[in-house]
Amino acid sequence: QLRFLDDYLEKAGLADIEKQYLGMMESIIASRGRFFVGTWHSTFSAYIMRLRGYYGVSKMDNYYAFRPRRFEMNRFLYPFGNYAAREWPTAWLGIDGDKEIVDDLEPNSISPIGPFVNITLLKNPKPRPNHLARGMFGLPLSKTPALEGGSRGTIRCDVNVDALAYWNDPQGTFDSSFSSPFRTSGKRKQYITFWQDAGRFNNMRMSLEIIFVIAAATGRTVVLPPIQNLRMEHGSNKPLGFDSFYSFSSPQFRRNVEVITMKEFIESEGGENGVAKIDKDDLERLLQLAQFCENRRKSDNYCGEVFDKLLQHSDAMVAPFSDKNCLVFDVDTYTDLNAKATDANREVVKQFCGMRRPVFYTQELASPDILHFDTFEQQHRLLAHFYSFILFTDSAIDNHFKRFVRDFMHYNDKINCAAGKIVRLIQQEGLERGFAVDEEGGGGYTSLHVR
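In my numbering, each number is its position in the sequence shown, counted from 1, plus 750.
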């Protein structure tokens, strides 16, 4: 039988859920299906594929559009991925280890995940496994030192939906004590400002992940854009900020990246002693726009005015790259611009970047008080996945930041709680029809995303 998301909202007690969360809930629900079929050219389908990779779902249980594309989508072409895949296995394969996985971990054959039986989802679900290696792609602990000291994440909810938590919380000892070699020394506070992508939310999310990885690597504080209409799906026009969807305020998150609002930034850094030395008239105007702005040039509250004034009055640099480039973090060239990367690292960069022009993160990029990402404008757009745009030539560091995205850049508990309630309702229906749930709490239904 065919079901839609709307069929479960009232039954799950979610009739009044805010519309802006529905697309995110759909992504989570679709990611837990036993099989998933998604529209080929869709960032929704792509993100669902990555979530399924985090859960350890077999690649044989994912389809794009029609059967012949199944194996094309699954082909592992390191490191470029392929156009049919959209999201690539390098995002999740072996990221708990120290090495880059350059081969497919799963053969092109049917590899079903063994079901549990006699689960009654109306009661408490069966406990999750204690080990942190999930599904098909889990490596033994001897090859995943980053997992030592870590635990599976949980979700604050009035029902048990912890099976949706693909992330670890706390992270392992290595990640919890990691210090990036690309952070500047001294007490001077530096910032990243950004104007989000002009597309829909999944386009914004892609560039957001890139920006937060750069912030985590460099120690810069992220300044969120002003409150505005983020052009969410389902007709929601409510002014929002990105903190409506992510949990930026937890102590663990803030140990990696400090996040403040535009209003907080202007109030703390907009005076004579701040990094943004804004005159009184402009300061009042920016505080007004920080409360709400619009992405229409003819608007009296145009968001672009905020960033224009900040760039005029600050030691600021617009990030000199776009998705036509690749951004490389190499310890040797960061420490000394004239230093040559090792032969091995040069080959890694050449292979990773392909036809794209590499931009190395240097002391020059590290020096401005404000590094601004103008991703709203076409020439500075970052419509790429973080792991295909940013390369850390040390694979252990590269995997650390892939884990950072997995463990921290997930939707907040409110969204996961709502999605989890619907997952359990669908799984209960599936169990009544003889469809089992796997050991990770997934399956019991087939999911479909149509663009």
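Glycine included, each C-beta is placed from N, C-alpha and C at the ideal position. Bear in mind that the values here come from a model prediction, so they are computed numbers and not experimental data.
Distance CB(residue i)-CB(residue j) smaller than 8 angstroms
i: ASN918; j: LEU882; result: yes
i: PHE1151; j: VAL963; result: yes
i: GLN921; j: ARG1153; result: yes
i: ILE1010; j: LEU1037; result: no
i: ASP1148; j: GLU850; result: yes
i: ALA841; j: TYR1137; result: yes
i: ARG1106; j: TYR804; result: no
i: ALA731; j: HIS1063; result: Any property of residue 731 remains undetermined from this structure, which presents the chain solely from 751 to 1201.
i: GLY783; j: GLU1190; result: no
i: CYS1076; j: PHE992; result: no
i: ALA1169; j: PHE1079; result: no
i: ASN934; j: GLU898; result: Note that residue 934 is Thr in the sequence shown here, rather than Asn. No, the pair does not count as a contact, with Cβ atoms beyond the cut-off.
i: LEU1141; j: PHE1102; result: yes
i: MET1012; j: VAL973; result: yes
i: LEU843; j: PHE887; result: yes
i: VAL1056; j: LEU1033; result: no
i: VAL1098; j: PRO1108; result: no
Per-residue DSSP class, three states only, for residue i
i: SER1018; result: helix
i: LEU1181; result: helix
i: PHE992; result: helix
i: ALA1026; result: strand
i: GLU1044; result: strand
i: VAL787; result: strand
i: TYR916; result: coil
i: PHE1158; result: helix
i: ASN812; result: strand
i: ASN1166; result: helix
i: ASP1188; result: strand
i: VAL1173; result: helix
i: ASN1075; result: strand
i: VAL1081; result: helix
i: VAL972; result: strand
i: ALA765; result: coil
Close-in-space but distant-in-sequence residues of the same chain around residue i (CB under 8 angstroms, 5 per side omitted)
i: ARG1004; result: PHE998
i: GLY763; result: LYS1171
i: THR904; result: ASP912, ALA915, ASP919
i: TYR1084; result: PRO931, PHE932, PHE1110, TYR1111, THR1112, GLN1113, ALA1116
i: GLN1129; result: SER1072
Inter-residue spacing [alpha-carbon to alpha-carbon] between residue i and residue j
i: ARG1096; j: PHE1110; result: 12 angstroms
i: ASN1162; j: ALA1089; result: 42 angstroms
i: GLN1178; j: GLY1193; result: 11 angstroms
i: GLU1182; j: TYR1052; result: 54 angstroms
i: LEU1175; j: ASP1029; result: 57 angstroms
i: GLY788; j: ALA965; result: 32 angstroms
i: LYS1059; j: MET810; result: 51 angstroms
i: ALA896; j: GLN1002; result: 16 angstroms
i: GLU736; j: MET1159; result: Given a span of 751 to 1201 for the chain in the structure shown, any question on residue 736 remains unanswerable.
i: VAL1204; j: GLY1104; result: This structure cannot speak to residue 1204, because the chain is shown only from 751 to 1201.
i: ALA780; j: PRO975; result: 30 angstroms
i: CYS1043; j: GLU776; result: 28 angstroms
i: GLN1041; j: GLN751; result: 46 angstroms
i: ASP766; j: PRO1118; result: 45 angstroms
i: ASP757; j: MET799; result: 24 angstroms
i: HIS1135; j: THR793; result: 10 angstroms
i: LEU980; j: ASP1144; result: 36 angstroms
i: ASP1031; j: PHE1123; result: 25 angstroms
i: TYR813; j: THR1196; result: 11 angstroms
i: VAL909; j: LYS1164; result: 12 angstroms
i: ARG878; j: CYS907; result: 16 angstroms
i: ARG836; j: HIS791; result: 8 angstroms
i: SER1049; j: GLU1008; result: 31 angstroms
i: GLY1021; j: GLU1014; result: 12 angstroms
i: GLY1180; j: ARG753; result: 12 angstroms
i: TYR996; j: GLU768; result: 15 angstroms
i: LEU772; j: GLU856; result: 33 angstroms
i: GLY949; j: GLU1127; result: 11 angstroms
Sequence-distant residues of its chain with Cβ nearer than 7 angstroms to residue i (five each side left out)
i: ARG970; result: GLN940, TYR941, ILE942, LEU1121
i: THR1125; result: PHE944, TRP945, GLN946, ASP947, SER957, ARG1131, LEU1132
i: SER901; result: ASN918, ASP919, PRO920
i: GLN978; result: PRO989, PHE1042, CYS1043, GLU1044, ASN1045, CYS1053
i: ASN880; result: none
6 angstroms CB neighbourhood of residue i in its chain, flanking five on each side removed
i: ASN1166; result: ILE905, LEU914
i: LYS893; result: GLY847
i: ILE845; result: ASN1149, LYS1152, ARG1153
i: LEU990; result: LEU980
i: GLU1019; result: VAL1025, ALA1026
i: MET954; result: GLN946, ASP947
i: ARG1047; result: none
heavy atom of the ligand SAH below 7 angstroms from residue i C-beta
i: PRO895; result: Within the structure as shown, the ligand SAH is missing, as the structure has no ligands at all.
- [ ] Scan the segment 1084-1129 and note each continuous beta strand (DSSP E) run of 3 residues or more that stays entirely inside, going in chain order.
- [x] 1107-1110, 1120-1123
- [ ] Just list the alpha helix (DSSP H) runs in the segment 892-949, keeping only unbroken ones of 4 residues or longer that don't cross its boundaries, in chain order.
- [x] 923-926
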